[in-house]
Structures are given as structure tokens and as C-alpha cells.
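Our numbering runs 396 ahead of the 1-based position in the sequence shown. All C-beta atoms in this analysis are idealised placements derived from N, C-alpha and C, irrespective of residue type, glycine included. In this text, all values refer to a predicted model and were calculated from it rather than measured experimentally. Note sheet for the following structure.
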Amino acid sequence: MIKFILRKTVFKKYDKETQDHLLPLLTKKYTTIWFCCFMFHFIFIVAPMLLLLMSVHDKEFDSAFNIALFTGIAIYECLWGFFYLFFMKDIIDFSINVLPDTLYNRLYAQRGKALLKQDFKKIKEENYSLYQCITSCLCQGHCYGICFEILSVQKTGNIKFIAVKDLANKDNTETYTMHVLYENNGWVFDTYNQRQYPVEKALILHKGIVYKDFSYNDIKGLNYEEFRDKNCEDLAKWCEEHDCYQSWKKDD
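In C-alpha cells:
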């Protein structure tokens, strides 16, 4: 049912092949957003309104309890209405971004073997801005730098460069797009949807072709720009040979 709704709404502009590619990657993300948004508004707006209507239709409405209940809920709804009016942007942001990100992080992002719960705690302590990125939508489009930072903190595992079948990006004429994953213990952390998968499953979901892995020894003593400049020419050459788009380039 959720996938059908996503096909008709969020992924409506894509053809069936692209929808089939995106659904396994993003269904849980959008389900979490919709669930949190619905429950937030139901609990704080709809449920009190239902109680208000029930108290009005109660045969014993003239009882002191019902009158007090009606008055209390009516005042609450008025105050909430003013609060919602003046802080609408913040409330909507909380219900569709902050709350879903928190729940999604607990249910999905931290479930896997690439990054364990104690690893997230370590990253939070050593690089809080990185922690904020990998537990929210902020990391989409920044896979190169974020995976480098994860490896720098963890000092174990690999950065895995893969060419993915990017059907959703119609701006690129290439068949593939270069994507980077953090790999550890036979699993990967994917910045595209903040999920963890066994390596083989991730390659199947992305229809990916592996370019190269970089270990901690490959980046030790280098900052991100130095690491990029050292390896971007080889990557560009490989991408040109394999019809793959990449945006990992030297600064002018």
C-alpha cells in the first residue's frame, strides 16, 4: 500500500523502472516521515477535537465534568491555533524533519554492522557535525566527504567507491553515477538513505560496479582535499571509460 502511494505521489514523475529502483531504497524513509507527521498532528490537534465533539454530544453534557472538559479542550485548541499560526514553520519542520530523523535513526540508521551504536556515540563525541549529517538527510549529495570523515574517526574499514545505476537523475547523460559507501565488517553504511546493508545487497540495490576501496592507511595523514587531489585524476579516467558521472574534481 505504501509503495503504491509513493508511486502515485513522490515518485510520480519517474518511469516504472526508476520507481522500482528507488522504492527499496527510500520506502522506509518516507513511511517514517508520514507516520510521524500524522501522529504528531493527530495527538495534538485531531484527538483533542474529537474529545471536544464527544463531550458536546454526550447526553449528560450539563454535568460539571463535561463542562470542565469542554472548556479545557476549547481553550487548548484556541491556544494551539495561535501557537500554530505564529510558529507554523518550526512546527512543520519538527514534524517532518526533526521527529522523523530521530525515529528513523533509532529504527534503521543504527541497525547494522558497518556502524554499531557505540560507533555512532564515538562519532558524536569526536565530530558532532558529522554525527548530525549521518543521522539526518543532510548527508545526501556529500557521500565523498562524509565517508572520508567516518573513516577518519573510525580508523577501520574502507571507503568503497561504486558506480551506481542512477536512473532518477535525468540531468546526467551518463549511465552511472559515482557513489561512495563506508564499509566495515562486511556491511556498508549508505549516506543516500542512512541505511546499512551487507555489501552484496547494497551492490544489488544500487546496481553498482565497484571502482576501488580505500583503507585508513590510504588516507592517514591526509585531509580530505589532499586525498581527493591525489586520487581524482585516476577516478575521472575510470569514469570516462565506464560512462560514469563523477563530481570529485580538483579545485581550480
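Cβ neighbour criterion (16 or more within 10 Å) applied to residue i
i, result
"Lys517", "exposed"
"Arg502", "exposed"
"Phe479", "exposed"
"Glu545", "buried"
"Tyr524", "exposed"
"Gly604", "buried"
"Lys646", "Residue placement at Lys646 is flagged as unreliable, the pLDDT there being 47, under the threshold of 50; the coordinate-derived value follows with that caveat. So Lys646 counts as exposed."
Proximity to residue i [Cα-Cα], best of the options
i, options, result
"Asn581", "Glu637, Thr573 and Ile555", "Ile555"
"Ile441", "Lys603, Lys561, Ala470 and Tyr540", "Ala470"
"Phe610", "Tyr527, Tyr588, Leu601 and Phe623", "Phe623"
"Ile558", "Cys432, Ala598, Asp625 and Lys551", "Ala598"
"Ser491", "Val576, Ile429, Pro420 and Cys640", "Ile429"
"Thr571", "Cys539, Arg591, Leu601 and Glu637", "Glu637"
"Thr467", "Leu449, Leu481 and Val576", "Leu449"
"Ile463", "Leu475, Trp476, Leu447 and Cys474", "Leu447"
"Gly537", "Leu512, Lys399 and Gln642", "Gln642"
"Thr414", "Trp634, Leu601, Ala443 and Leu526", "Leu601"
"Cys474", "Met445, Cys640, Gln528 and Lys608", "Met445"
"Val576", "Val595, Asn568 and Thr569", "Val595"
"Asp639", "Lys626, Val560, Asp614 and Lys608", "Val560"
DSSP-derived helix/strand/coil call for residue i
i, result
"Glu579", "strand"
"Thr571", "coil"
"Tyr641", "strand"
"Val595", "helix"
"Val606", "strand"
"Val406", "coil"
"Cys635", "helix"
"Phe623", "helix"
Presumed contact (8 Å Cβ cut-off) between residue i and residue j, rounded CB distance
i, j, result
"Ile530", "Val549", "Their Cβ separation, rounded to whole angstroms, is 10 Å, which puts Ile530 and Val549 out of contact at 8 Å."
"Tyr612", "Leu547", "6 Å"
"Leu495", "Cys543", "That pair is no contact at about 27 Å."
"Phe407", "Leu418", "6 Å"
"Tyr578", "Ala510", "6 Å"
"Gln592", "Val584", "7 Å"
message = Report the start-end ranges of each alpha helix (DSSP H) in the segment 421 to 474 that is 4 residues or longer and not cut off at the edges.
response = 443 to 453
Check your understanding: What are the uninterrupted segments assigned as alpha helix (DSSP H) that are 4 or more residues long and contained completely in the segment 497 to 569, given in chain order?
Key -> 513 to 522, 524 to 530 and 539 to 550
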